[in-house]
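First up is the structure itself, then whatever we jot down about it.
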Amino acid sequence: KKRSVLVNNKKRILQHDNARPHAAKITQEKIKELGLELLPHPPYSPDLAPSDYHLFRSLEHTLRGKKFTNVGEVKTHFEKFFNEKSKDFFKKGIEQLPLPVGLSPFQIVRAYIKR
Numbered sequence: 001k002k003r004s005v006l007v008n009n010k011k012r013i014l015q016h017d018n019a020r021p022h023a024a025k026i027t028q029e030k031i032k033e034l035g036l037e038l039l040p041h042p043p044y045s046p047d048l049a050p051s052d053y054h055l056f057r058s059l060e061h062t063l064r065g066k067k068f069t070n071v072g073e074v075k076t077h078f079e080k081f082f083n084e085k086s087k088d089f090f091k092k093g094i095e096q097l098p099l100p101v102g103l104s105p106f107q108i109v110r111a112y113i114k115r
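In full-length UniProt numbering, the protein residues as written are 1 to 115.
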C-alpha cells in the first residue's frame with residue numbers, strides 16, 4: 001500500500017542520481033525518447049539505490065560463475081533475465097523499497113506527484 005503510487009503507475013520509471021553519465025545530454029535524450037519518467041535519487045545519499053535491493057541482487061545471482069565470450073551472449077542473458085520476470089517480481093521490488101533517510105512516505109509521494 002505504501003508504494004501504490006509507484007506500483008499503479010502506467011509509465012516506466014527510471015531512478016538515478018545526477019552523476020555525470022546520468023546527466024549527460026545523450027542520456028537525457030535517450031530517456032526522453034524512451035518515454036521514461038524519472039524518479040530522482042539524491043547524490044551522496046546514505047541510502048543505497050533502490051535497484052540494489054531487489055533487481056540487481058536477483059540479476060547478480062544469475063551472473064554468478066558465468067563467463068561470456070561476446071557481447072551477443074551478454075545481451076541474450078539480459079534479455080532472458082528480464083523476459084522471465086513477472087509483473088509481480090517488479091511490484092514486490094517496489095513494495096520493498098526502503099524509505100529515504102529523513103523523509104516520511106507522505107513526503108516522498110508528495111514530491112513524486114508534484115513532478
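By construction, the Cβ of each residue, glycine as well, lies at the ideal position given by its N, Cα and C atoms.
Note that the coordinates shown come from a computational prediction; the quantities given were computed from them, not determined experimentally.
Taking the alpha helix (DSSP H) that residue i belongs to, which residues open and close that run?
i	result
R64	Note, R64: premise wrong, no alpha helix (DSSP H); not H, not E.
G72	V71 to N83
F90	K87 to E95
L34	K25 to L34
Using the beta-carbon count (16 or more within 10 Å), is residue i buried or exposed?
i	result
G93	buried
R115	Low local confidence applies: a pLDDT of 48 at R115 is under 50, so the model's placement there is unreliable, with the coordinate-based value given in what follows. Counting Cβ neighbours within 10 Å, R115 comes out exposed, since fewer than 16 surround it.
Which one of the options has the shortest CA to CA distance from residue i?
i	options	result
K85	T76, S58, Q28 and Q96	S58
K91	F78, N83, E60 and H54	H54
K77	K25, Q28, A23 and E60	Reading the sequence as shown, one finds His at residue 77 and not Lys. Minimum Cα distance to H77 is reached at E60.
Output yes if chain C places a C-beta closer than 9 Å to the C-beta of residue i; else output no.
i	result
H16	The structure shown contains no chain C; it holds only a single protein chain.
Check: How do the segment 26-33 and the segment 51-67 stand: do at least 3 beta-carbon pairs fall below 8 Å, yes or no?
Finding: Pairwise C-beta distances place the segment 26-33 out of contact with the segment 51-67, as fewer than three of them are shorter than 8 Å.
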